[in-house]
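> Handing you this structure, nothing more for now.
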Amino acid sequence: MESYYAVLDAMAAAPGDGVFAIIIDVEGSAYQKEGTWMWIEADGKTTGLLSGGCFEEAVAAHALDVLSNRQATSISFDLRAEDDWSWGQGAGCNGLVRIWLEPVTSNTKPDWLALKRCLDRGEHVFMARSITDPREQPFFQSETGERFGGYSSPPRPEWLKELHGTPFFRGRNGVYETEEDTFFIQHFWPKPRLTIFGAGPDAPPLVSAAKAAGFSVTVSDWRPAFCQPSHVPDADAWVVGFPHETIPKLHLTERDFVVIMTHQFERDRELMRWLADIPLAYLGVLGPRRRTDRLFPSGTAPPFVRSPIGLPIGARSPHEIAISITAELINVLRGGPMETAR
Numbered sequence: 000m001e002s003y004y005a006v007l008d009a010m011a012a013a014p015g016d017g018v019f020a021i022i023i024d025v026e027g028s029a030y031q032k033e034g035t036w037m038w039i040e041a042d043g044k045t046t047g048l049l050s051g052g053c054f055e056e057a058v059a060a061h062a063l064d065v066l067s068n069r070q071a072t073s074i075s076f077d078l079r080a081e082d083d084w085s086w087g088q089g090a091g092c093n094g095l096v097r098i099w100l101e102p103v104t105s106n107t108k109p110d111w112l113a114l115k116r117c118l119d120r121g122e123h124v125f126m127a128r129s130i131t132d133p134r135e136q137p138f139f140q141s142e143t144g145e146r147f148g149g150y151s152s153p154p155r156p157e158w159l160k161e162l163h164g165t166p167f168f169r170g171r172n173g174v175y176e177t178e179e180d181t182f183f184i185q186h187f188w189p190k191p192r193l194t195i196f197g198a199g200p201d202a203p204p205l206v207s208a209a210k211a212a213g214f215s216v217t218v219s220d221w222r223p224a225f226c227q228p229s230h231v232p233d234a235d236a237w238v239v240g241f242p243h244e245t246i247p248k249l250h251l252t253e254r255d256f257v258v259i260m261t262h263q264f265e266r267d268r269e270l271m272r273w274l275a276d277i278p279l280a281y282l283g284v285l286g287p288r289r290r291t292d293r294l295f296p297s298g299t300a301p302p303f304v305r306s307p308i309g310l311p312i313g314a315r316s317p318h319e320i321a322i323s324i325t326a327e328l329i330n331v332l333r334g335g336p337m338e339t340a341r
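Letter by letter, the sequence shown follows residues 0 to 341 of numbering that gives the first Met the number 0.
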């Protein structure tokens, strides 16, 4: 999932100053794309990867220089050459990668902590950072209107359009040029939330796989013995109750992903009565399509209900099925073409 989650966590926990290393521009192909983050602390400890190990060591060395002079800068690595004289050292990735090094000190850390708080609250945040003048501080605005960082003047209209007109988990990260300045812009999205209805024995593998992929996972079941940390330890939240009790509490929105896997037909039917009218990013039901169709009075499930769920990888075991479902969730999140398991 997005690299900035782990990087912001590491920054928040760090006792001292550090440096963010951010890929701001890629020409050609590279291991990672614009908007990938890495964190380097003064003692050399790092979090995150910008490549497959091609230049992280060099980035960390440059970061120490940035820490000493307290000024942001950019560096570039040319991975296009196939010989050992290149920065890629024979990697042959065929890309030129530009990286921005942003120092985080006691003066600037509050802005980054504010960004983390916005994400923890489930808010989308837009950032614009001048790369023409490294003395400027990044500008941030959340979808709720909170502004922090540099640029005390009103935000540019095109920034607000990016903030409010971009679909969930979309948006271009990269260099943006104006007549007066050149900016790096980035969208920060909160972790997508997956709610799993049904805490049977096949739920823990899906919770673990989705959690590893970067989802915030909530499990809901009417059976307290199943819906608890001892049974599903990797979940972020456990909501016990019947659908009419739990669904209003969950406050599901068009950014939510929902999987139904209770293995009880009447319970699934009750869930569908509550969920079918809620716009969701994803609504899937474990089981064959014919069974899912029977959950609806018309005898046919609406097109937005995905069933069977999971990408067609020939999955059989609960862990393989969990990987298949998680892959489909990622595919939907990224706007990829849909092909469900059969």
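Ideal Cβ positions, reconstructed from N, Cα and C, are used throughout, including at glycine.
1. Do P189 and L279 have their C-beta atoms closer together than 9 Å?
2. Less than 9 Å separating the beta-carbons of L285 and P242?
3. Quick check: the region 182–198 against the region 310–320, are there 3 or more CB pairs under 8 Å?
4. Hey, would you say W273 sits closer than 9 Å to I246, going by beta carbons?
5. Using a Cβ-Cβ cut-off of 6 Å (strictly less than) and excluding sequence neighbours within five positions of Y175, which residues of its own chain qualify?
6. What span of residues does the alpha helix (DSSP H) with Y4 cover, start to end?
7. Relative to the C-alpha of T143, which residue among E157, A275 and E122 is closest?
8. Assuming S207 is part of the alpha helix (DSSP H), what are its boundary residues?
9. Bridge partners of Q227, per DSSP?
10. From the DSSP output, read off the bridge partner residues of T46.
11. Is the beta carbon of L114 closer than 9 Å to that of T194?
12. Which residues in the same chain as T107 place their Cβ atom closer than 8 Å to its Cβ, once the five residues preceding and following it in sequence are excluded?
13. What does the alpha-carbon distance come out to for the pair R289 and P204?
14. Quick one, are the C-beta atoms of V206 and A224 less than 9 Å apart?
15. Closest to A321 by C-alpha separation, out of D110, T299, Q227 and V258, would be which residue?
16. With M271 as the anchor, note down where its alpha helix (DSSP H) starts and where it stops.
17. Suppose you measure from the CA of A60 to the CA of Q70; what does that come to, to the nearest Å?
18. Buried or exposed for S316, going by 16 or more other Cβ atoms inside 10 Å?
19. Could you pull out every residue in the same chain whose Cβ sits closer than 7 Å to the Cβ of T131, ignoring the five residues on either side in sequence?
20. Out of curiosity, what's the CA-to-CA distance linking G43 and A127?
21. Strictly by DSSP, which residues pair up with T72?
22. Measure the C-alpha to C-alpha separation of G87 and V238 and round it to an integer number of angstroms.
23. In whole angstroms, what is the alpha-carbon distance linking K248 and P102?
24. Compare the C-alpha of F125 against each of F147, S105 and G94 and name the closest.
25. Using DSSP with H/G/I as helix, E/B as strand and the rest coil, what is W158?
26. At the level of alpha carbons, what is the spacing between A209 and V331?
27. Hey, would you say T346 sits closer than 9 Å to W111, going by beta carbons?
28. Excluding the 5 residues flanking Y281 on each side, which residues of the same chain have their C-beta closer than 6 Å to its C-beta?
29. Out of A11, E40 and S141, point me to the one whose CA is closest to P109's CA.
30. Under a three-way DSSP split, which group does L285 fall into?
31. Would you verify that the beta carbon of T72 is, or is not, closer than 9 Å to some beta carbon of chain C?
32. On the three-state DSSP scale, how would you describe W221?
33. Would you grab the beta carbon distance between A29 and V96 for me? Rounded to a whole angstrom, and I think it's under 8 Å.
On the basis of the coordinates in this document:
1. No, these two residues do not count as a Cβ contact at 9 Å.
2. No; because the gap between Cβ atoms is not below 9 Å, this pair is not in contact.
3. The region 182–198 vs the region 310–320: no contact.
4. It is a contact, given that the beta carbons lie within the stated cut-off.
5. Excluding sequence neighbours, Y175 sits near F182 and I184.
6. Residues Y3 to A12.
7. Taking each of E157, A275 and E122 in turn and checking the Cα distance to T143, the smallest one comes out for E122.
8. Counting along the chain, S207 sits inside the alpha helix (DSSP H) bounded by residues A202 to A211.
9. Q227 pairs with nothing; no bridge assigned.
10. In the DSSP output, where bridge partners are listed per residue, T46 has W38.
11. Judged by their CB atoms, T194 and L114 are not nearer to each other than the 9 Å cut-off.
12. Correct list, in chain order: Q136.
13. Near 25 Å, if we compare the C-alpha coordinates of P204 and R289.
14. Contact: no.
15. Answer by Cα proximity: V258.
16. From DSSP, the alpha helix (DSSP H) with M271 extends over F264 to L274.
17. Each residue's alpha carbon lies about 15 Å from the other.
18. So S316 counts as exposed.
19. If we look at T131 and ignore the five residues flanking it on each side, its Cβ neighbours are D180 and T181.
20. G43 and A127 have their C-alpha atoms spaced approximately 27 Å apart.
21. L100.
22. Because the pLDDT at G87 is just 44, under 50, the model does not fix this residue reliably, and the point stays unresolved.
23. Whole-angstrom Cα-Cα distance: 41 Å.
24. Nearest of F147, S105 and G94 to F125, Cα basis: F147.
25. Of the three classes helix, strand and coil, the one that applies to W158 here is helix, per DSSP.
26. Near 13 Å, if we compare the C-alpha coordinates of V331 and A209.
27. Residue 346 lies beyond the stretch modelled for the chain, which goes from 0 to 341, so this question has no answer here.
28. Around Y281: F256 and V331.
29. Nearest C-alpha to P109: A11.
30. Correct three-state label for L285: coil.
31. Protein chain content of the structure displayed is limited to a single chain, and chain C is not contained in it.
32. Residue state, collapsed to three classes: coil.
33. Right, their Cβ atoms sit about 5 Å apart.
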